[in-house]
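Below is one structure, written out as structure tokens, with a few remarks after it.
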Amino acid sequence: MSERLNADSCKILGLYFFNGSLADALKLSRKGGLVVAPSGPGLASDLTNCGVYARALLEADLVLPDSGLMCLWQQWFGTETINRISGLTFLTGYLKSRSVEKESSFWIMPDEKQAKANLSWLSQNMDYSARECDVYIAPMYRKTGEIEDSILLNKIRESKPSTIFIQVGGGVQERLGLFLKNNLEYRPTILCTGAALAFLSGEQVRIPSWVDRFYLGWLLRCFFAPQIYIPRYLKAFRLLYLLNKFGKECPV
């Protein structure tokens, strides 16, 4: 467990989720380290099926309670409630609270199409124009196990950005973040906030703040791409079984 975690945390499934305000979470993130926002489907499946994913969450410096299903469970059946901070809420707050133009940033994108849309949104809404050398199109990483990317690692070593924004899919980005954390010789902030930037740019369905606040982002995603997200969120209900059986204890 990271030395940064303290009384402002809630132990669920062996993970110490941050349980404080958005402002305090943003303040902690400025100290550097790995920041993750594990989704409900990720906790339901990857936590028990992929040891490296589980290790990434256990060794993260800040674990955000993104899963609405988990937070509702805690409210109804847990010993303490938890203040949900979604990846979308956190990334929006992070971008507003810091000057990505004045500070060095590095962006890891899933493909050229999303990179173009995401960077266009940043330019129009944050007045930020990323340099070509600060944008990396990720290869297709393996679905489980260790991730190694020496090309990416060398690029980051050369530019030494203060913040690394990882925009590849959940289940992968946490393992990639762990690889970077363990192999970089300095301590940047490594943000793994799911598809949050794609929500803002419209590359995935736009999620209004009120929808996110009422835990309904999953529903919009199911309408947006039912063939992808309906099966994914149906599998997420396994999280209820894990929460009921293990509670605060780690299932792996």
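When the count follows this note's numbering, it moves up by one through the sequence shown with no breaks and lands on 243 for the last residue.
Beta carbons: idealized from backbone N, C-alpha and C, even for Gly.
Under the rule that 16 or more other beta-carbon atoms within 10 Å means buried, what is residue i, buried or exposed?
{"i": "residue 10", "result": "buried"}
{"i": "residue 66", "result": "exposed"}
{"i": "residue 99", "result": "buried"}
{"i": "residue 128", "result": "exposed"}
{"i": "residue 1", "result": "buried"}
{"i": "residue 68", "result": "exposed"}
{"i": "residue 172", "result": "buried"}
Determine whether the beta carbon atoms of residue i and residue j lie at a separation below 7 Å.
{"i": "residue 180", "j": "residue 12", "result": "no"}
{"i": "residue 79", "j": "residue 190", "result": "yes"}
{"i": "residue 55", "j": "residue 81", "result": "yes"}
{"i": "residue 33", "j": "residue 161", "result": "yes"}
{"i": "residue 57", "j": "residue 24", "result": "no"}
{"i": "residue 42", "j": "residue 241", "result": "no"}
{"i": "residue 154", "j": "residue 88", "result": "no"}
{"i": "residue 226", "j": "residue 77", "result": "no"}
{"i": "residue 183", "j": "residue 168", "result": "yes"}
{"i": "residue 185", "j": "residue 28", "result": "yes"}
{"i": "residue 44", "j": "residue 165", "result": "yes"}
Could you tell me which residues DSSP puts in a beta bridge with residue i?
{"i": "residue 96", "result": "154"}
{"i": "residue 2", "result": "7"}
{"i": "residue 53", "result": "26"}
{"i": "residue 73", "result": "Partner(s): none; residue 73 has no beta bridge."}
{"i": "residue 183", "result": "27, 157"}
Start and end of the alpha helix (DSSP H) containing residue i?
{"i": "residue 84", "result": "78 to 88"}
{"i": "residue 59", "result": "59 to 68"}
{"i": "residue 236", "result": "229 to 237"}
Nearest chain C C-beta to residue i closer than 7 Å, yes or no?
{"i": "residue 191", "result": "Considering every chain present, this structure includes no chain C. It has just one protein chain."}
Whole alpha helix (DSSP H) elements within the stretch 115 to 178, 4-residue minimum: Runs found: 141 to 150, 164 to 174.
Any chance you could list the beta strand (DSSP E) runs of at least 3 consecutive residues sitting entirely within the stretch 7 to 46, in chain order? Entirely contained in the stretch 7 to 46, the beta strand (DSSP E) runs reaching 3 residues are, in chain order, 24 to 27.
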